[in-house]
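Numbering (this note's numbering), first residue to last: 1404 to 1483. Written out below as structure tokens is the structure these notes cover.
Below you can see the structure in the form of structure tokens.
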């Protein structure tokens, strides 16, 4: 199977980028309509949301791991 000609690949990339940019603009407009008093493109908001999500993910992984570390492995195997 031959690869696509270069101009066809470039055209696909350009159309994909335009479609992505259009979809991104639509998403931003939608989120701006949902937010109150905060811009959807505000970097501080992105940083705070990312930090909160990372903290929740770390906590969600840490709590079960901490409980598993406290358990005696031999006792757990015997009870199975």
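Beta carbons: idealized from backbone N, C-alpha and C, even for Gly.
Residue j beta carbon less than 8 angstroms from that of residue i
i	j	result
residue 1448	residue 1441	yes
Nonlocal neighbours in the same chain, by C-beta distance under 8 angstroms from residue i, ignoring five residues either side
i	result
residue 1456	none
Alpha-carbon spacing of residue i relative to residue j, whole angstroms
i	j	result
residue 1454	residue 1463	14 angstroms
residue 1435	residue 1428	10 angstroms
residue 1482	residue 1438	52 angstroms
residue 1473	residue 1431	46 angstroms
residue 1468	residue 1433	39 angstroms
residue 1475	residue 1424	54 angstroms
residue 1422	residue 1479	54 angstroms
Same chain, Cβ closer than 7 angstroms to residue i, neighbours up to 5 away in sequence not counted
i	result
residue 1404	No answer about residue 1404 holds up, because its pLDDT of 37 lies below 50 and its placement is not dependable.
Buried or exposed (CB count within 10 angstroms, at least 16 for buried), residue i
i	result
residue 1466	exposed
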